[in-house]
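Below: the structure, in structure tokens.
Numbering (UniProt numbering), first residue to last: 1 to 277.
Take a look at the structure:
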């Protein structure tokens with residue numbers, strides 16, 4: 001009964017997709033409502049369309065600090081993910097293509113880093129940042145996100161699937177040094193891998209909350225996740241902040257959708273690397 005198995009899989013995938021999209025759907029409906037409609041109408045129903053007014057309210061709150069948080073998140077996540085992905089690709093390429101004493105033991109330490117939750121490292125990172133004197137600065141959040149142990153593991157796997165050793169030997173035979181071999185030969189082949197790791201890291205940094213909470217006191221340095229959290233706390237005393245948080249949350253999803261939609265073909269290629277020999 002092959003068709004029954006296929007139908008069962010399709011039904012399960014459809015249910016999982018709908019369940020995943022449920023919070024985003026509610027957010028879309030809720031962001032179009034006024035504060036009174038938010039509590040007096042069904043969650044998955046439109047009321048008076050107030051999305052533009054809600055966006056204006058978000059923009060006007062505290063001198064437009066929301067878009068300062070937006071810019072901060074773009075810098076933390078965009079620049080941080082790009083630099084982190086490049087470092088990660090170099091590390092994974094080195095682990096895959098070179099041999100040195102203790103390589104596998106060192107790679108084991110990298111895998112150990114994958115098992116450590118980021119919340120467990122936040123306080124030690126704060127103590128280190130305090131010693132260096134970068135607490136409550138841009139660098140206190142930016143530098144830690146450059147380290148991505150899972151990305152190193154993934155880069156090694158993707159390097160073995162994308163970059164044939166014969167091609168590197170041919171480049172070396174033509175007189176190319178190791179740096180030129182990597183930048184001119186291996187790196188173009190690893191671009192799907194780079195994009196795959198970039199998407200993972202971009203999403204992780206964009207949603208990063210605990211590290212900025214520990215490191216930052218200046219609201220002008222907050223990312224969106226922390227800024228919206230401060231608004232949500234104020235909502236206990238001032239209910240109008242609930243509407244601001246909902247609209248701000250909807251706006252914060254837009255960059256993730258844009259990045260994934262624009263880079264999805266590279267991401268799909270990266271996820272299937274090495275599956276066919």
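In this text, a Cβ means the ideal position worked out from N, Cα and C, and glycines have one as well.
- Fully contained in the segment 126-166 are the following alpha helix (DSSP H) runs of length 4 or more, in chain order: 138-142 and 149-162.
- 8 Å or more divides the Cβ of residue 221 from the Cβ of residue 248.
- Residue nearest to residue 198 within the set 160, 151 and 185 is 151 (criterion: CA-CA distance).
- Going by DSSP, residue 82 is part of the alpha helix (DSSP H) stretching over 80-97.
- Look at residue 262 here: in three-state DSSP terms it is helix.
- Within the same chain, and ignoring the five residues on either side of residue 47 in sequence, the residues whose Cβ sits closer than 6 Å to its Cβ are 33, 37 and 41.
- Inclusion of residue 155 and residue 193 in the CB contact set at 8 Å is warranted, their separation being smaller than that value.
- With 16 or more other CB atoms across the displayed protein chains lying within 10 angstroms of its CB, residue 196 is buried.
- Distance from the CA of residue 129 to the CA of residue 200, rounded to the nearest whole angstrom, comes to 25 Å.
- Here residue 41 carries a coil assignment [DSSP, helix/strand/coil].
- In the three-state DSSP reduction, residue 190 falls in the coil class, being neither helix nor strand.
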